[in-house]
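Numbering (this note's numbering), first residue to last: 225 to 640.
In this text, a Cβ means the ideal position worked out from N, Cα and C, and glycines have one as well.
Okay, so here's the structure we're looking at.
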Ligand code: LLP
C-alpha cells in the first residue's frame with residue numbers, strides 16, 4: 225500500500241488523487257503504480273545480485289501490456305502459460321530468451337511458436353508433453369530446452385484452489401517418477417535438459433514449504449548427477465504470499481536469503497516466477513457507490529464494480545481491503561456489505577465493512593493488482609474496466625474501457 229497513501233484525507237496513487245483519476249477515466253477503474261511494480265521487482269532482484277538469476281514475472285497475475293512493459297524495461301523475464309501470454313510479452317518489448325513456458329496443456333501450435341521465437345525453457349508437465357515437444361522440435365529441425373516440473377508433494381498450507389504441489393494436484397510429474405522421466409528426456413535427440421522446475425502453490429505465507437520443496441529438488445539434482453545429467457538452473461516457481469489483511473508473509477529478501485542459505489555453495493542459475501508478490505499490492509480497483517440499501521439485518525452498498533471485474537472475493541471468499549477515496553470528518557461508521565450489480569448472491573467485494581458511506585462515494589479495493597483484471601469477464605454483458613498506470617504525477621491509460629461494440633465484435637445473428 226506504500227504508493228497508495230492518504231494526504232489530507234485524500235487517497236493518492238503516487239502523486240495523483242484517485243478522485244481525479246476516477247473523474248478522468250470513470251469507474252470501475254484499475255489503477256497501478258509504476259514505482260510500486262518497480263520496487264517489488266527490485267525486492268527480488270537485489271538479494272540475487274551477483275549470482276546468476278532470472279526473475280520471470282508470472283504474466284497470468286496481470287497481463288496488461290503497460291505492466292509487462294514496465295517490467296521488461298527492468299530486464300525482467302516472464303513465465304507464460306499460453307501463446308496468448310507469449311504474444312503479449314513480445315508486444316510489450318519482452319525478450320523471448322528470458323521466457324519460460326509453464327502449464328499442463330501446451331498445444332502443438334503454442335510449442336511451435338515458442339520454438340520459433342526462441343524461448344529460454346519449456347517447463348514440461350507430463351511424459352506425453354515431453355514427447356510432443358520432441359516431435360515438434362524434430363519437425364522444425366531444432367532442439368528444445370526443457371526442465372521437468374517436479375511435483376515435490378509438499379503442503380503449501382494455502383487455499384485448496386491455489387495449491388499445486390500436492391500429489392493430488394494435476395500439476396507436474398510425481399517426485400518418485402522424475403528421475404526416470406529425466407532419463408527418458410536425456411535419450412531424446414531434440415530435447416536439451418537445462419533445469420529442474422517446481423511451483424507448489426500461491427499465496428504461501430510461510431518459508432517452510434518452499435524450503436521443503438527445495439530440499440527435495442536438491443535430492444533429485446544429486447540423483448540426476450549420478451545418472452550423468454547436469455542441471456544448469458533451478459526454477460523455484462512463484463507463490464510467495466502478500467498481505468491482504470493481517471497475513472505476515474516473508475519479504476522477498478527474507479525468502480531469497482533463506483533459499484540461498486539452503487543452497488550453500490551450489491552454483492545453479494536461479495529462476496523465480498513471482499506474480500502476486502510483484503503485482504498485487506501495486507494496484508487498486510476504484511469503484512463508486514451507486515445506491516445504499518439499509519435493511520433490518522444487513523446494510524448493502526451497491527457499487528459499480530462487480531464479480532466480473534474482481535472475482536477473487538466471490539471465487540475464493542478472498543478478503544481484500546475496501547477504503548474510502550476521501551476520509552470524512554463528519555458522520556459515523558456502519559457495517560456494510562459492498563456488493564456489485566451482478567445477479568448472483570455471490571457477487572460481493574467485501575462483507576461487514578465498517579465504513580462511513582454516502583451514495584456517490586468513491587471507494588478503493590486494495591491489493592487488486594494481481595488476479596484482478598486478469599480474471600475479469602463480461603458476465604452480465606458488462607464491459608471490462610479501464611486500466612491506468614500512474615507514474616509520479618502522470619496517469620497513463622494502459623487499457624481503454626471496453627465498449628459494447630468491442631464486447632460484441634465477432635458475434636453474429638443467424639442469416640435467416
Ligand atoms: N508459476 C506457475 C507455474 C503458476 O502456476 C503460478 C500461479 C505462478 C508462477 C505465480 O504464482 P504467484 O507468485 O502469483 O503466487 N487466481 C488465484 C491465483 C492462481 C495462481 C495460479 N498459478 C488468486 O487470485 O489467488
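Nearest CA to the CA of residue i: which residue from the options?
{"i": "residue 454", "options": "419, 292 and 602", "result": "419"}
{"i": "residue 252", "options": "554, 633 and 528", "result": "528"}
{"i": "residue 579", "options": "530, 604, 295 and 513", "result": "513"}
{"i": "residue 370", "options": "430, 244, 435 and 422", "result": "422"}
{"i": "residue 594", "options": "544, 603 and 560", "result": "544"}
{"i": "residue 295", "options": "312, 305, 565 and 409", "result": "312"}
{"i": "residue 441", "options": "459, 426, 425 and 266", "result": "459"}
{"i": "residue 577", "options": "598, 461, 546 and 302", "result": "546"}
{"i": "residue 479", "options": "402, 276, 498 and 470", "result": "498"}
{"i": "residue 262", "options": "226, 235 and 245", "result": "226"}
Is residue i near ligand 1 - that is, is its Cβ less than 6 Å away from at least one heavy atom of it?
{"i": "residue 303", "result": "yes"}
{"i": "residue 423", "result": "yes"}
{"i": "residue 322", "result": "no"}
{"i": "residue 595", "result": "yes"}
{"i": "residue 450", "result": "no"}
{"i": "residue 285", "result": "yes"}
{"i": "residue 282", "result": "yes"}
{"i": "residue 601", "result": "no"}
{"i": "residue 500", "result": "yes"}
{"i": "residue 326", "result": "yes"}
{"i": "residue 426", "result": "yes"}
{"i": "residue 467", "result": "no"}
{"i": "residue 634", "result": "no"}
Let me check one thing: in DSSP terms, what residues is residue i bridge-paired to?
{"i": "residue 231", "result": "234"}
{"i": "residue 640", "result": "Answer is none; residue 640 lacks a bridge partner."}
{"i": "residue 517", "result": "524"}
{"i": "residue 510", "result": "253 and 588"}
{"i": "residue 495", "result": "278 and 459"}
{"i": "residue 623", "result": "611"}
{"i": "residue 618", "result": "615"}
{"i": "residue 502", "result": "Residue 502 is not bridged to any residue."}
{"i": "residue 398", "result": "375"}
{"i": "residue 241", "result": "236"}
- Taking only runs that begin and end inside the region 277-302, name each unbroken beta strand (DSSP E) of 3 or more residues, in chain order. 277-282
- Within the region 538-584, note down every full beta strand (DSSP E) run reaching 3 residues or more, in order along the chain. 546-548, 558-563 and 572-579
- Curious, which full-length alpha helix (DSSP H) runs of at least 4 residues does the region 307-380 contain? 307-315, 332-341 and 351-364
- Can you check the region 409-479 for any beta strand (DSSP E) of at least 3 residues that lies completely inside it and give the ranges in chain order? 415-421 and 457-459
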